[in-house]
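In what follows, a structure is listed as structure tokens, so that the remarks can point back to it.
There are 2 protein chains.
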Amino acid sequence: MEINDDNWINEVTFSEAGLLPAIAQDASSGRILMVAFMNREALLRTVETGVAHYWSRSRGKLWRKGEESGHEQLVQDVQLDCDGDVITLQIEQRGGIACHTGRNSCFFRSLTPDGWQTTEPILKDPGEIYADG
Amino acid sequence: MEINDDNWINEVTFSEAGLLPAIAQDASSGRILMVAFMNREALLRTVETGVAHYWSRSRGKLWRKGEESGHEQLVQDVQLDCDGDVITLQIEQRGGIACHTGRNSCFFRSLTPDGWQTTEPILKDPGEIYADG
């Protein structure tokens with residue numbers, strides 16, 4: 000998206016570590032698919048390209064979601080909360096799989112009287128998703 | 000909810016500061032209403048009572064959502080993500096207002112070519128919501 004307002008990024012409040020939690024929500028089903036962090040560059044890149052980019056805290060690098068798996072996230076809308084420190088992305092999830100476990104959503108466990116129960120199936124074996132070239 | 004498994008809370012990973020981000024999603028509309036933090040006690044209290052409790056970082060205390068405004072959140076489902084460090088709550092939002100600005104959702108700004116634009120109305124004046132006794 001082309002934005003004719005240079006100030007929009009300054010209305011976003013990043014943490015002391017320079018990060019912002021981003022919630023990816025499936026634009027069709029409304030399901031919350033995953034939560035990851037963005038730094039300023041990841042957010043700029045996401046808005047510029049229309050494809051979700053995050054900051055990987057474990058790998059210490061910018062990461063285009065789906066760069067290995069092909070499970071890219073096409074961003075239809077970006078929303079900012081009242082405090083300016085969390086964003087939601089309305090996305091189309093390529094392959095229908097957002098979770099590294101091969102499920103649609105990372106939130107696949109629900110609390111029941113017997114503890115956490117898995118409520119959704121693995122759609123694709125992670126070994127196949129992340130197989131080396 | 001009564002849980003016959005003492006171990007469920009140990010599958011939840013709190014940050015070094017003892018906190019966990021919790022996303023409240025409207026169980027009917029699917030809208031993401033707000034994001035707040037829980038400590039262990041807030042999560043236990045939420046599950047025990049079925050009403051959302053959070054940890055206020057600014058006030059340094061446990062907080063029952065709606066304790067001043069009446070805008071309580073009745074919890075229908077709690078979900079945990081693959082890393083065990085974020086939860087989603089499926090809730091019924093009393094009064095239809097989750098945001099302290101008097102709107103349904105805290106995510107009331109969308110990014111447009113002209114910058115952030117407010118996309119939803121104030122349903123009730125915050126001055127009325129938080130009026131002193």
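From first to last, the protein sequence lines are chains W and U.
In terms of numbering that gives the first Met the number 0, the first sequence is residues 0 to 132.
In terms of numbering that gives the first Met the number 0, the second sequence is residues 0 to 132.
Cβ coordinates follow ideal geometry from the N, Cα and C atoms, glycine included.
- The Cβ atoms of LEU122 of chain U and ARG102 of chain U lie closer than 8 Å to each other.
- For THR87 of chain W, the three-state secondary structure derived from DSSP is strand.
- LEU73 of chain U places its beta carbon 8 Å or farther from that of GLY94 of chain U.
- In this structure, the CA atom of TRP62 of chain W is about 5 Å from the CA atom of TYR53 of chain W.
- Distance from the CA atom of VAL11 of chain U to the CA atom of GLU127 of chain U, rounded to whole angstroms, is 37 Å.
- Listed along chain W are MET0, ILE2, TRP7, VAL46, ASP76, VAL77, GLN78 and LEU79, each with a C-beta nearer than 8 Å to that of LEU110 of chain U.
- No Cβ of chain W is located within less than 8 Å of the beta carbon of GLY94 of chain U.
- For ILE121 of chain U, there is no enclosing beta strand (DSSP E), as DSSP marks it with neither H nor E.
- ALA23 of chain U has U:MET33 and U:LEU88 as its beta-bridge partners, per DSSP.
- For VAL85 of chain W, the closest C-alpha among the options W:ASN3, W:VAL34, W:GLN92 and W:ASN6 is that of W:VAL34.
- Here LYS64 of chain U is buried. Its C-beta has 16 or more other C-beta atoms within 10 Å.
- Within the same chain, PHE13, GLY17, LEU18, LEU19, TRP54 and LEU61 come within 8 Å of ASN38 of chain W by CB-CB distance, once the 5 residues on both sides are set aside.
- Taking a Cβ-Cβ cut-off of 7 Å, the neighbours of THR87 of chain U in chain W comprise ILE31 and PHE106, given in sequence order.
- Residue burial annotation: ARG56 of chain U is exposed, with fewer than 16 other C-beta atoms found within 10 angstroms of its C-beta.
- Distance from the Cα of SER104 of chain W is smallest, within the candidate group W:GLY114, W:ILE8 and W:GLN92, for W:GLN92.
- About 6 Å separates the beta carbon of ASP76 of chain U from that of SER109 of chain W, a gap short enough to meet the 8 Å contact definition.
- Rounded to whole angstroms, the Cβ separation of ALA130 of chain W and ALA23 of chain W is 24 Å, and the two are not in contact under 8 Å.
- THR117 of chain U and LEU32 of chain W have their alpha carbons spaced roughly 24 Å apart.
- For the set U:THR45, U:ARG30 and U:GLU47, the Cα lying nearest the Cα of PHE106 of chain U is the one of U:ARG30.
- DSSP places VAL46 of chain U in the helix class (H, G or I) of the three-state scheme.
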